[in-house]
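The listed protein sequences derive, respectively, from chains A and B. Counting from 1, one number per residue, gives the positions in the first sequence under full-length UniProt numbering. Counting from 1, one number per residue, gives the positions in the second sequence under full-length UniProt numbering. See below for the structure under consideration.
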Amino acid sequence: MREITRRGALKGSAAGLAAAGVIGAPAIAQARRIKIGYVSPQTGPLAPFAEADNFVIAGVREATKAGLSIGGRNQPFEILVKDSQSNPNRAAEVASDLILKDEVDLMLVASTPETTNPVCDQCEVNEVPCVSSVAPWQPWFFARGGKPDTGFKYTYHFFWGLEDVIAVYTNMWGQVPTNKSVGGLFPNDGDGNAWGDKERGFPPVLGKLGYKLTDPGRFQNLNDNFSAQISAFKAANVEVVTGVVIPPDLTTFWNQAQQQGFKPKAVSIGKALLFPVVLEGLGNAGHNLSTEVWWTPHHPFKSSLTGARAQQLADGYTQASKKQWTQPIGFVHALFEVAVDVMKRSKGAGERASVLDAAAKTRLDTIVGPIAWGAGPVKNVAKTPLVGGQWRRGGTFKYDLVITDNQTAPNIPIAGKMEAIG
Amino acid sequence: MASPHTVHAGTRAGRLGALLGAATLLGLLSVPFWAGRADMRLIVEMACFLALAQMWNLMAGYAGLVSIGQQAYVGIGGYALFALAMHGGVPPLLALPLAGLIAALVAVPTAFVVFRLRGAYFAIGTWVVAEVFRLSLAQVTALGGGTGQSLPAAIVRAIAASAEGRDRLIYFTGIALAVGATALVFLLLRSRHGLALTALRDAEGAAESLGVDSFRTRLWVYIVAALGTGMIGALIFLQKLRISPDAAFSVGDWTANVIFIVVIGGIGRIEGPIVGTLVFFALRALLADYGTWYMIVLGAVAVVVMLKAPQGLWGLVADRFDLDFFPVRRLVRGPTP
Numbered sequence: 001m002r003e004i005t006r007r008g009a010l011k012g013s014a015a016g017l018a019a020a021g022v023i024g025a026p027a028i029a030q031a032r033r034i035k036i037g038y039v040s041p042q043t044g045p046l047a048p049f050a051e052a053d054n055f056v057i058a059g060v061r062e063a064t065k066a067g068l069s070i071g072g073r074n075q076p077f078e079i080l081v082k083d084s085q086s087n088p089n090r091a092a093e094v095a096s097d098l099i100l101k102d103e104v105d106l107m108l109v110a111s112t113p114e115t116t117n118p119v120c121d122q123c124e125v126n127e128v129p130c131v132s133s134v135a136p137w138q139p140w141f142f143a144r145g146g147k148p149d150t151g152f153k154y155t156y157h158f159f160w161g162l163e164d165v166i167a168v169y170t171n172m173w174g175q176v177p178t179n180k181s182v183g184g185l186f187p188n189d190g191d192g193n194a195w196g197d198k199e200r201g202f203p204p205v206l207g208k209l210g211y212k213l214t215d216p217g218r219f220q221n222l223n224d225n226f227s228a229q230i231s232a233f234k235a236a237n238v239e240v241v242t243g244v245v246i247p248p249d250l251t252t253f254w255n256q257a258q259q260q261g262f263k264p265k266a267v268s269i270g271k272a273l274l275f276p277v278v279l280e281g282l283g284n285a286g287h288n289l290s291t292e293v294w295w296t297p298h299h300p301f302k303s304s305l306t307g308a309r310a311q312q313l314a315d316g317y318t319q320a321s322k323k324q325w326t327q328p329i330g331f332v333h334a335l336f337e338v339a340v341d342v343m344k345r346s347k348g349a350g351e352r353a354s355v356l357d358a359a360a361k362t363r364l365d366t367i368v369g370p371i372a373w374g375a376g377p378v379k380n381v382a383k384t385p386l387v388g389g390q391w392r393r394g395g396t397f398k399y400d401l402v403i404t405d406n407q408t409a410p411n412i413p414i415a416g417k418m419e420a421i422g
Numbered sequence: 001m002a003s004p005h006t007v008h009a010g011t012r013a014g015r016l017g018a019l020l021g022a023a024t025l026l027g028l029l030s031v032p033f034w035a036g037r038a039d040m041r042l043i044v045e046m047a048c049f050l051a052l053a054q055m056w057n058l059m060a061g062y063a064g065l066v067s068i069g070q071q072a073y074v075g076i077g078g079y080a081l082f083a084l085a086m087h088g089g090v091p092p093l094l095a096l097p098l099a100g101l102i103a104a105l106v107a108v109p110t111a112f113v114v115f116r117l118r119g120a121y122f123a124i125g126t127w128v129v130a131e132v133f134r135l136s137l138a139q140v141t142a143l144g145g146g147t148g149q150s151l152p153a154a155i156v157r158a159i160a161a162s163a164e165g166r167d168r169l170i171y172f173t174g175i176a177l178a179v180g181a182t183a184l185v186f187l188l189l190r191s192r193h194g195l196a197l198t199a200l201r202d203a204e205g206a207a208e209s210l211g212v213d214s215f216r217t218r219l220w221v222y223i224v225a226a227l228g229t230g231m232i233g234a235l236i237f238l239q240k241l242r243i244s245p246d247a248a249f250s251v252g253d254w255t256a257n258v259i260f261i262v263v264i265g266g267i268g269r270i271e272g273p274i275v276g277t278l279v280f281f282a283l284r285a286l287l288a289d290y291g292t293w294y295m296i297v298l299g300a301v302a303v304v305v306m307l308k309a310p311q312g313l314w315g316l317v318a319d320r321f322d323l324d325f326f327p328v329r330r331l332v333r334g335p336t337p
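Below is the structure:
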């Protein structure tokens, strides 16, 4: 009896809350307050990308707690953070919430096309300025139907592109004597299709540079058997392996390669080798695996917001979390650097047209390097420098990322020479 | 000589329910004239989940078809919308019913495969079929392959020139789908077919011996549910603006959440999905910002309700106060003295 009443009350209040949520009062004009929306994958399989978000955002909030001075008046600076749950459906939903309910002045989004693309699509249709990062520009631009001559109106992106990662990888391979026979691991997802694309991806460039590419075709993510790929690579006498795979697939591939006696001299893989935790999962077999490097504590840049050098930002994270630094730290911080800079140059809260105008005219030296749209490969893309590195055992942490090639960005110092695996 | 017993389906609560329903509908129709865009979008999302839940409830709660593969038809509906609107030049709103038809057409051969399985095997079979559709669409490069595809802004703007006009059209479409799905289930169950369905659910052997064709009855339910689910899927992805195989055929978003709604609200009752939708969205509004904890709370709520109130939250209320707003049961009344 008692239980029923309690349950009834519970249900009643839940329904009441739902009704309150539905019939919320229409937005009333309030004190001018700058609202920045930020969407990232804080839970789910992509969560390592957003691991440092809380640390970075706490730093930005500290630096902007006095508000921004715009046109002689002070406007509070508010950051609204939403979790995409690593799910493109949820990413579109929370973006739409931030746009329609919170009426953000500027949207920021980070990490993988699965997060950036749905959020940017919502911004483009709802006419909200958006700055995006941490996804190579081709899967961000072309997979959203972007046309190079017209581009997008409301969405801007800064990161590197496939042409950069190809240059970095081939430069690294050039340091190690090989037979120039390359095996490709390209899954059937946003990144894999872009990297393996016959016109805009790896195949045409590798051909020009004299490499022979063996591409056994697209496979589904979370593949549990790479025997077909391994035997194709062995048959073609492959000495270099490349691709862009998710962390569990790299672990499966590399373990099976060892078991089946496949021993390439260089393995340069995107996405999976970003995070030290993946290397730790490989035991000792991760030594000298290589990857593209977009940000390290050794990058010679400093924050336009706090003045901190890259090393100081990374050390702050390690101190606060007792964890090794990761590459997204710099880029998430840079997103907020751009946001603060754009808002300062705009007419402030509630002036989306001027915010868009300011965003398009951005010229800022950030902790990931200079960012300016207009000089990029297409209208809405700005490129940041990319170098290459190898994971080595026996440093401060179990594995350390050592920069081994900087021909693409000589201002970023190298810390060692490329070594062959094994 | 006429029997002194009469069979009737109407109840006093049913008449009250009709009044309440009409009042709610009028209230909902007035929303675009006073509420903000965010509120309208939230109501459309709730309407989509309510309609999905009604379709699933029709299958599981009345026809005994416990499918965990309804995301197959959400995905097919969504992809049909993209194919028709982007490659066929069909106006997006007109593409919605067509997407439903395509889903229904796909459901026919699918039914002949999955209906060979029973109970738990049927459930797993439907999931496998949905995965097959997901993997197949990932190979179709014209629809974006595994990368997915965005609906060009120009197509969205073609619905109506202003953002406000677009929101209103989508809002009324969403309400129409939710009301239509609820009315469809209600009317279907009030008809002969409904009687056949409930008979099959309660005692298949007995029903068949009385001349109910179990295969045909269930086939129709499966196809109707696919039609409704396909239209809802098209509406969902018209708002999401972007489709990819993983998003379109997501078992978590389009089936697990829907099963949660129906089970929490009360399976086999038309009010169940309504109550379940309200509870689901209330929990999401309160907890979605707490990351993993949100999932843990959802799971805990489902477990507690299933253990303590297997007939769902509405079941508790309905049995306690003898409420039945959508009377689909037939009651036998004895001769009045």
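Glycine included, C-beta positions come from ideal geometry on N, C-alpha and C. Since the structure is predicted, the reported quantities are computational estimates derived from the model, not experimental observations.
Between the segment 125 to 134 of chain A and the segment 92 to 110 of chain A there are three or more inter-stretch CB-CB distances shorter than 8 Å, so the stretches are counted as touching. Taking all protein chains shown into account, Gln-258 of chain A has fewer than 16 neighbouring C-beta atoms within 10 Å of its C-beta and is therefore exposed. Residue-level contact by beta carbon holds for Ala-92 of chain A and chain B, with a gap shorter than 8 Å. In the three-state reduction of the DSSP assignment, Arg-345 of chain A falls in the helix class.
In the structure shown, Phe-249 of chain B adopts coil according to DSSP, grouped into three states. Taken in chain order, the members of the segment 131 to 165 of chain A whose beta-carbon sits within less than 8 Å of a beta-carbon on chain B are Pro-139, Ala-143, Arg-144 and Gly-145. Rounded to the nearest whole angstrom, the C-alpha separation of Thr-116 of chain A and Ser-84 of chain A is 10 Å. Considering only beta carbons, the part of the segment 125 to 149 of chain B lying closer than 8 Å to chain A consists of Leu-135, Ala-138, Gln-139, Gly-144, Gly-145, Gly-146, Thr-147, Gly-148 and Gln-149, in chain order. Between the alpha carbons of Ile-36 of chain A and Leu-108 of chain A lies a distance of about 7 Å. Non-local C-beta neighbours of Ala-99 of chain B in its own chain, meaning closer than 8 Å and more than five positions away in sequence, comprise Ile-76, Gly-77, Gly-78, Ala-80, Leu-81, Leu-84, Gly-230, Met-231, Gly-233 and Ala-234, ordered along the chain. Contact check for Gly-205 of chain B and Asn-57 of chain B: beta-carbon distance about 24 Å, past the 8 Å limit, so the pair fails to qualify. Under the DSSP assignment, Thr-291 of chain A falls outside any alpha helix (DSSP H), being part of the beta strand (DSSP E) whose first and last residues are 290 to 293. With a beta-carbon spacing of about 29 Å, Val-205 of chain A and Pro-48 of chain A fall beyond the 8 Å limit used to define contacts. For Asp-53 of chain A, the enclosing alpha helix (DSSP H) begins and ends at 53 to 63. Inter-segment contact for the segment 198 to 215 of chain A and the segment 156 to 171 of chain B is absent: fewer than three beta-carbon pairs are separated by less than 8 Å.
By the C-beta density criterion, Phe-321 of chain B is exposed, having fewer than 16 other C-beta atoms within 10 angstroms.
Not one beta carbon of chain B lies nearer than 8 Å to the beta carbon of Leu-305 of chain A. Listed along chain B are Ala-138, Gly-145 and Gly-146, each with a C-beta nearer than 7 Å to that of Asn-188 of chain A.
Between Val-132 of chain B and Trp-195 of chain A, the alpha-carbon positions lie close to 25 Å from each other. Distance from the CA atom of Ala-314 of chain A to the CA atom of Phe-397 of chain A, rounded to whole angstroms, is 14 Å. Residue state for Gln-312 of chain A is assigned as helix, using DSSP reduced to three classes. By the beta-carbon neighbour count (other beta carbons within 10 angstroms, threshold 16), Ala-300 of chain B is exposed. If you draw a 10 Å sphere on the C-beta of Glu-114 of chain A, you find 16 or more other C-beta atoms in it, and that means buried.
Take the alpha-carbon of Thr-404 of chain A and the one of Val-44 of chain B: they are about 53 Å apart. Between the alpha carbons of Thr-24 of chain B and Arg-166 of chain B lies a gap of roughly 23 Å.
DSSP places Met-107 of chain A in the uninterrupted beta strand (DSSP E) bounded by 106 to 110.
Between the C-alpha atoms of Phe-115 of chain B and Ala-130 of chain B there is a straight-line separation of about 15 Å. Residue environment for Pro-136 of chain A: buried (at least 16 other C-beta atoms within 10 angstroms of its C-beta). Proximity of Ala-181 of chain B to chain A, defined by a Cβ-Cβ separation below 8 Å, is not satisfied.
Chain-order list of chain A residues neighbouring Ala-153 of chain B: Glu-124 and Val-125, by C-beta distance under 7 Å.
Judged by DSSP in its simplified three-state form, Tyr-73 of chain B adopts helix. Contact annotation for Leu-106 of chain A against chain B: no contact, minimum CB-CB distance about 18 Å [criterion: below 9 Å]. At least 8 Å separates the CB of Val-74 of chain B from every CB of chain A.
When C-beta atoms of the segment 348 to 356 of chain A are compared with those of the segment 382 to 392 of chain A, fewer than three pairs fall below 8 Å, so the two segments do not count as touching. For Arg-41 of chain B, the closest C-alpha among the options B:Ala-288, B:Leu-238 and B:Met-295 is that of B:Leu-238. Excluding the 5 residues flanking it on each side, Lys-417 of chain A has same chain C-beta neighbours closer than 8 Å at Gln-175 and Thr-404, in chain order.
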